[in-house]
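A.B. asks: Before I ask anything, let me first share the structure, which is written out below as structure tokens.
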Amino acid sequence: MLGSILVTGGAGYIGSHTCVELLAAGYDVVVIDNLSNSNPKSLAAVASIAGREVTFYQGDIRDQQLLTDIFSKHPIVSVIHFAGLKAVGESSRIPLDYYDNNISGTLTLLKVMTAFNCKNIIFSSSATVYGDPHTVPILETFPLSVTNPYGRTKLMLEEIFRDLYASDNEWHIVLLRYFNPIGAHESGDLGEDPKGIPNNLLPYVSQVAVGKLDCVGVFGDDYETKDGTGVRDYIHVVDLAKGHVAALAKLAEEPSLSIYNLGTGTGYSVLDIIEAFSQVVGRSIPYKILPRRQGDIAACYADASKAKKELNWTAEYGLERMCTDTWRWQSKHPNGYEE
């Protein structure tokens, strides 16, 4: 065995898909998740797909004693840190919750890792740290700026990791800046299961397609893009998960702090997504144009060539596959994990 990987937030959307890829690659996987925005049934689906189970602890990364117990019981060699609150709009309403969860939780995790001399971590950062970029595609060297508390927690944590590495260069740290993950596992049994009304576009579109919601709201059609709607870099969640396995190999090299964009390098508009999904389900998805949302930007897509060069990773799946896999999950599980 390759040692145990601790996956924080491992029952979540990206975390659960990453667990599948880690198990397939031969790792033992330990998950901690407080289930505030996820469902433990995702981990049952992971076990059924991978043919092996993860070890699951329900709890919070701010619980130092629980983390200490986990590190005492398991030979954790690396941590993949997904756990955190993640809704941009909500972060503006309850910023203190975001700072407490995302910053305090990570500090507690890093203190326990240090106590156990575990100095390998992959952190889920986000393309939100680029703010409204002056040009696209976006390189890792672009200036950083954020427009909301969620993005600020990601940027602050990146700075904390930089300070940590500067103070102790035995650390192996990889910061992965995700673009817009969509899609689902090809089995149709693992996917995105947002609680309440979805914040993200594709779960919203798929819930309209399955009849749970009436119509897709398109926020703004007057951006400087080809059709006036916002352009984003949508990446298949399985490609993203494989990026984390590739990043583990980077941790095995010399100590360093490395930053990578994980995206496809292609931007699609909101209307592109609605059209592609309509093609997959075989009927038009109804939508209506609404005013812009505060803080939204016109276009954001990655230059992911650094990840290709240094991690030997590239996104393989195109938009049609992303929509097909999402629709398989949504039609098989119209109510998500709660059947």
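All residue numbers for the sequence shown refer to the UniProt record's numbering, where the first residue is 1 and numbers rise by one. Heads up, the beta-carbon is just placed ideally off N, CA and C, and yes, glycines get one too.
Is it right to say I197 is buried, meaning 16 or more other beta carbons lie within 10 angstroms of its own, or is it exposed?
C.D. replies: Exposed, since its Cβ has fewer than 16 Cβ neighbours within 10 Å.
A.B. asks: In chain order, what residues of the same chain have a beta carbon less than 6 Å from the beta carbon of H236, not counting five sequence neighbours either side?
C.D. replies: These residues qualify, in order along the chain: G183, Y317 and M322.
A.B. asks: Alpha carbons only, please: which of A127, E140, D163 and V136 is nearest the one belonging to V146?
C.D. replies: Minimum Cα distance to V146 is reached at A127.
A.B. asks: I'd like the list of long-range same chain contacts for N39, defined as Cβ closer than 8 Å, with 5 residues on each side in sequence excluded.
C.D. replies: Excluding positions up to five away in sequence, the list reads A11, D193, G336, Y337 and E338.
A.B. asks: Check P143 in the structure and name its three-state DSSP category.
C.D. replies: It is coil, neither helix nor strand.
A.B. asks: Please report the Cβ distance between I49 and V79, rounded to the nearest whole angstrom; I am assuming they are in contact, meaning their Cβ atoms lie under 8 Å.
C.D. replies: The pair is not a contact, with the Cβ atoms about 23 Å apart (cut-off 8 Å).
A.B. asks: For A45, list the residues DSSP reports as bridge partners.
C.D. replies: Bridge partners of A45: none, in fact.
A.B. asks: In whole angstroms, what separates the C-alpha of G15 from that of Q58?
C.D. replies: G15 and Q58: Cα-Cα distance of roughly 14 Å.
A.B. asks: Apart from the five residues just before and just after Q64, which ones in its own chain have a Cβ nearer than 8 Å to its Cβ?
C.D. replies: T108, K111 and V112.
A.B. asks: Reducing DSSP to helix, strand and coil, say where N39 ends up.
C.D. replies: N39 falls in the coil class under three-state DSSP.
A.B. asks: Kindly list the residues whose CB is nearer than 7 Å to the CB of K161, restricted to its own chain and excluding five residues on each side of it in sequence; keep chain order.
C.D. replies: It should be noted that the sequence gives Phe, not Lys, for residue 161. These residues qualify, in order along the chain: F123, I173, L175 and L257.
A.B. asks: Apply the 10 Å Cβ neighbour rule to M1 and answer buried if 16 or more other Cβ atoms are within range, or exposed otherwise.
C.D. replies: Confidence is the limiting factor: at M1 the pLDDT is only 48, short of 50, which leaves the residue's position unreliable, though a coordinate-based value still follows. By the neighbour-count rule (16 or more Cβ atoms within 10 Å), M1 is not buried but exposed.
A.B. asks: Could you please give the first and the last residue of the uninterrupted alpha helix (DSSP H) stretch that includes I274?
C.D. replies: From DSSP, the alpha helix (DSSP H) with I274 extends over V270 to V281.
A.B. asks: Taking contact to mean 3 or more Cβ pairs, one atom from each stretch, closer than 8 Å, check whether the region 204–211 and the region 247–267 are in contact.
C.D. replies: The region 204–211 vs the region 247–267: no contact.
A.B. asks: Between the Cα of M156 and the Cα atoms of L139, T135, G105 and N180, which residue gives the shortest distance?
C.D. replies: Of the candidates L139, T135, G105 and N180, the one whose C-alpha sits nearest the C-alpha of M156 is G105.
A.B. asks: Out of P149, H134 and G151, state which residue places its alpha-carbon closest to the alpha-carbon of P143.
C.D. replies: Nearest C-alpha to P143: H134.
A.B. asks: Roughly how many angstroms separate the alpha carbons of W327 and T114, rounded to a whole number?
C.D. replies: Distance between the alpha carbons of W327 and T114 is about 43 Å.
A.B. asks: Give a yes or no on contact between the region 288–298 and the region 208–227, applying the rule of three or more CB pairs nearer than 8 Å.
C.D. replies: Touching, yes.
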